[in-house]
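Enquirer: Encoded as structure tokens, here's the structure I'll be asking about.
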Amino acid sequence: MEGLTKIDDLGKPRVVIVGGGFGGLELAKALAEAPVQVVLIDKQNYHTFQPLLYQVASAGIDEGQIVSPFRKILSEQHNFYFRLAEVQAVDAVAQVVETSIGRVRYDYLVLATGATTNYFGDEQMAQNAIAIKSIDDAIELRNTVLSNFEQALQLGDIEQINSLLDFVIVGGGPTGVEIAGALSELRTHVFPKDYRELDFKQMDIHLVQSGPALLKGMSANASQQALAALKKFGVQVWLDARVKSYDGYTVTLSTGQQLITRTLIWAAGVTGAPIAGLRSDCLLPGNRYAVDECSRVLGYEHVFAIGDIAAMRTAAHPDGHPMVAQPALQQGRLLGENIARLLAGQPLQPFHYQDKGAMATIGRNHAVADVKLFGREYHLQGFLAWLAWGVVHVASLIGFRNRLMVLLHWTWSYLSYDKGLRYIIGKTKAPVVEVDVEGKAIV
1 MEGLTKIDDL GKPRVVIVGG GFGGLELAKA LAEAPVQVVL IDKQNYHTFQ
51 PLLYQVASAG IDEGQIVSPF RKILSEQHNF YFRLAEVQAV DAVAQVVETS
101 IGRVRYDYLV LATGATTNYF GDEQMAQNAI AIKSIDDAIE LRNTVLSNFE
151 QALQLGDIEQ INSLLDFVIV GGGPTGVEIA GALSELRTHV FPKDYRELDF
201 KQMDIHLVQS GPALLKGMSA NASQQALAAL KKFGVQVWLD ARVKSYDGYT
251 VTLSTGQQLI TRTLIWAAGV TGAPIAGLRS DCLLPGNRYA VDECSRVLGY
301 EHVFAIGDIA AMRTAAHPDG HPMVAQPALQ QGRLLGENIA RLLAGQPLQP
351 FHYQDKGAMA TIGRNHAVAD VKLFGREYHL QGFLAWLAWG VVHVASLIGF
401 RNRLMVLLHW TWSYLSYDKG LRYIIGKTKA PVVEVDVEGK AIV
């Protein structure tokens, strides 16, 4: 990192965007016609459509169908440059970012680094649980589930078999609810055909939620409907319960109950992913940068933050906007317009979040949705909500090919009651259980 990374100098103000999630990518697009040079830096060369990660984890779609390379997405944008690197620090005085490939100069810096899994300081949990924040996580979870069943076929010890067949999901938000529903669907329609020697009546799916209701942030109606659907699908839901510890085998709840599982899926919380170099007083609890109504990091003239990493505190959102796609998309779009205004010497426009509602799918023909249109809120459930959820998510994917392939996969799965992508490739967190000649586990 001795000198500046080689990037053509266009002789225009340079906007460096760190992170190509929903906010960062939307900002890059919004600057297409602005008189600037756009430099996007990300440690991956692709954008991930995170709302469908659980579908990859449950073998519903291929990982390649929810990712798209940045260079392909913005191939027609002539002021766009991409660098594959990890940003390590910001020097706001020199106006450079330190990266794994060298220093990159900026005129305007936008932090869109998103969020990472929050284990609340529990190192044992971080070591033993499986998160679902990235493509790698989703593939690891799919591999682990399938590897568990392959191992279970070799065992004669009922407790050890159950430890491989049972799953505990921590967190009753949309991700936790959707994973629980997907696993229950696999248990009913898919796994019994693949693993005929196993008794899937013994496969337990536990969903643990620390609060009194599922889907916090959605309507009471959506929460109640989700709970009823999950119970109908045979998911054991634990409300007002926290996971106190997990050692890779035994889950201990705050209620005193103990659950046995080799696979704990962590969907309980996220925390911002800040970068070193900015003053500590602009970083709020939850590791989110405090920003003003125009997304400028407090105390900095040329540094902005959008999406999950930004906490724009308002009367309606005193802790910042929800850490979901819509605020990031809207902030990225407006910031692109505001940077153009800055260059033209015009006043910046404040951000006003347009809440379009929320959705969560629970399983075949079951979903809940709170939809906000024209100043009114509509509550959908069952098949209609499930259909709306599918339409919205397919339409939101990047690229016609991805939309078509996901639609075809979903249609085939719906008609055949099958999930065709049940292969084990790459990393797995499944434990290797040693057995004796009689199939008994060697503990």
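Note that the UniProt record's numbering numbers the sequence shown so that position 28 is 28, with each residue one more than the last. Ideal Cβ positions, reconstructed from N, Cα and C, are used throughout, including at glycine. For clarity, every value in this text was computed on a predicted model and none was experimentally measured.
For D199 and P192, what's the separation of their Cα atoms in angstroms?
Expert: Roughly 8 Å separates the two Cα atoms.
Enquirer: Taking all protein chains shown into account, do 16 or more other C-beta atoms lie within 10 angstroms of the C-beta of Q65, making it buried, or fewer, making it exposed?
Expert: Counting Cβ neighbours within 10 Å, Q65 comes out buried, since at least 16 surround it.
Enquirer: Report all residues from its chain with a CB closer than 6 Å to the CB of Q62; omit the five preceding and five following residues, and keep chain order.
Expert: A small correction: the amino acid at residue 62 is Asp; Gln does not occupy that position in the sequence shown. Around D62: L421.
Enquirer: Only counting the same chain, and skipping five residues up and downstream in sequence, which positions put a Cβ closer than 7 Å to that of S184?
Expert: I205, F233, G234, V235 and G363.
Enquirer: Just how far apart, CA to CA, sit D418 and D91?
Expert: Whole-angstrom Cα-Cα distance: 52 Å.
Enquirer: Nearest CA to the CA of L31: which residue from L373, Q331 and A358?
Expert: The candidate whose alpha carbon is nearest that of L31 is Q331.
Enquirer: Based on Cα-Cα distance, which residue from Y353, H352 and E337 lies nearest to Q346?
Expert: Of Y353, H352 and E337, the residue nearest in Cα terms is E337.
Enquirer: Which residues bound the beta strand (DSSP E) around P318?
Expert: It is not in any beta strand (DSSP E) - P318 carries neither H nor E in the DSSP assignment.
Enquirer: Let me know the secondary structure DSSP gives K6 once reduced to three states.
Expert: In the structure shown, K6 sits in coil (DSSP, three-state: anything other than H, G, I, E or B).
Enquirer: Return the chain-ordered ranges of every beta strand (DSSP E) run that is complete within the segment 95–177 and spans a minimum of 3 residues.
Expert: Taking only runs of at least 3 residues, the beta strand (DSSP E) segments lying wholly in the segment 95–177 are 96–99, 102–105, 108–111, 115–117 and 167–170.
Enquirer: Opposite H366 in the DSSP bridges: which residues?
Expert: Its beta-bridge partners are G363.
Enquirer: On the DSSP bridge assignment, give the partners of H393 in chain order.
Expert: None, per the DSSP bridge assignment.
Enquirer: Within the chosen definition, does the segment 388–398 reach the segment 247–255 through at least 3 CB pairs nearer than 8 Å?
Expert: With a cut-off of 8 Å, the segment 247–255 and the segment 388–398 do not count as touching, because too few Cβ pairs lie within range.
Enquirer: Kindly indicate the opening and closing residues of the alpha helix (DSSP H) around F70.
Expert: Segment F70 to I73, the alpha helix (DSSP H) holding F70.
Enquirer: Thinking C-beta only, is C294 closer than 8 Å to P350?
Expert: Against a cut-off of 8 Å, the Cβ pair of C294 and P350 comes out as a contact.
Enquirer: How long is the line joining the alpha carbons of Y423 and N143, rounded to whole angstroms?
Expert: Distance between the alpha carbons of Y423 and N143: 7 Å.
Enquirer: Since I believe T261 is in contact with F167 (beta carbons under 8 Å), could you give me their beta-carbon distance rounded to a whole number of angstroms?
Expert: About 6 Å; that satisfies the 8 Å criterion.
Enquirer: By Cβ distance, which residues of its chain are closer than 7 Å to Y46, with the 5 residues on each side in sequence left out?
Expert: Taken in chain order, the residues that qualify are V67, S68, P69 and F70.
Enquirer: Given residue 448, which residues of its chain have a CB within under 7 Å of its CB, disregarding the five upstream and five downstream residues?
Expert: Not covered by the structure: residue 448. The range shown for the chain is 1 to 443.
Enquirer: Okay, do the segment 104–111 and the segment 8–20 touch, 3+ Cβ pairs below 8 Å being the bar?
Expert: Touching, yes.
Enquirer: Is the number of C-beta pairs between the segment 158–165 and the segment 79–90 that are closer than 8 Å three or more?
Expert: No contact exists between the segment 158–165 and the segment 79–90.
Enquirer: Which one of L186, V38, E123 and R296 has the shortest CA to CA distance from V145?
Expert: Among L186, V38, E123 and R296, the Cα nearest to that of V145 is on L186.
Enquirer: Round the Cβ separation of I309 and A28 to the nearest angstrom and send it over; I've been treating them as touching at under 8 Å.
Expert: That belief does not hold up - the Cβ atoms of I309 and A28 are roughly 16 Å apart, past 8 Å.
Enquirer: Return the first residue and the last residue of the beta strand (DSSP E) that L40 is part of.
Expert: From DSSP, the beta strand (DSSP E) with L40 extends over Q37 to D42.
Enquirer: Ends of the beta strand (DSSP E) at R297?
Expert: Sequence inspection shows Val at residue 297; the Arg mentioned does not correspond to that position. Taken as a continuous stretch (DSSP letters only), V297 belongs to no beta strand (DSSP E), as it is neither H nor E.
Enquirer: By how many angstroms is the C-alpha of M218 removed from the C-alpha of K372?
Expert: Roughly 12 Å between the two C-alpha positions.
Enquirer: Using the rule of at least 16 other Cβ atoms within 10 Å of the residue's Cβ for burial, across every protein chain shown, is G3 buried or exposed?
Expert: Looking at its Cβ environment, which holds fewer than 16 other Cβ atoms inside 10 Å, G3 is exposed.
Enquirer: Would a C-beta distance cut-off of 8 Å place I7 and V93 closer than the cut-off?
Expert: No, Cβ-Cβ distance for I7 and V93 is not below 8 Å.
Enquirer: Beta-carbon of N45 versus every beta-carbon of chain B: anything under 8 Å?
Expert: Judged by its chain identifiers, the structure shown contains no chain B, having just a single protein chain.
Enquirer: Name the two residues that bound the continuous alpha helix (DSSP H) containing F233.
Expert: No alpha helix (DSSP H) holds F233; DSSP gives it neither H nor E.
Enquirer: Which class does L343 belong to by DSSP, given the choice of helix, strand or coil?
Expert: If DSSP states are grouped into helix, strand and coil, L343 belongs with the helices.
Enquirer: Pull up the distance between the alpha-carbon of L278 and that of K427, whole angstroms please.
Expert: L278 and K427: Cα-Cα distance of roughly 35 Å.
Enquirer: Please report how far the alpha carbon of N148 lies from the alpha carbon of E377, in whole angstroms.
Expert: Near 43 Å, if we compare the C-alpha coordinates of E377 and N148.
Enquirer: Alpha carbon to alpha carbon, what distance is there between T5 and G102?
Expert: Straight-line Cα distance between these residues: approximately 5 Å.
Enquirer: Given a threshold of 16 other Cβ atoms within 10 Å of its Cβ, counted over all protein chains shown, does V297 qualify as buried or as exposed?
Expert: Result: buried.
Enquirer: Give me the residue from I130, G121, Q202 and A229 with the minimum Cα distance to F383.
Expert: Answer by Cα proximity: A229.
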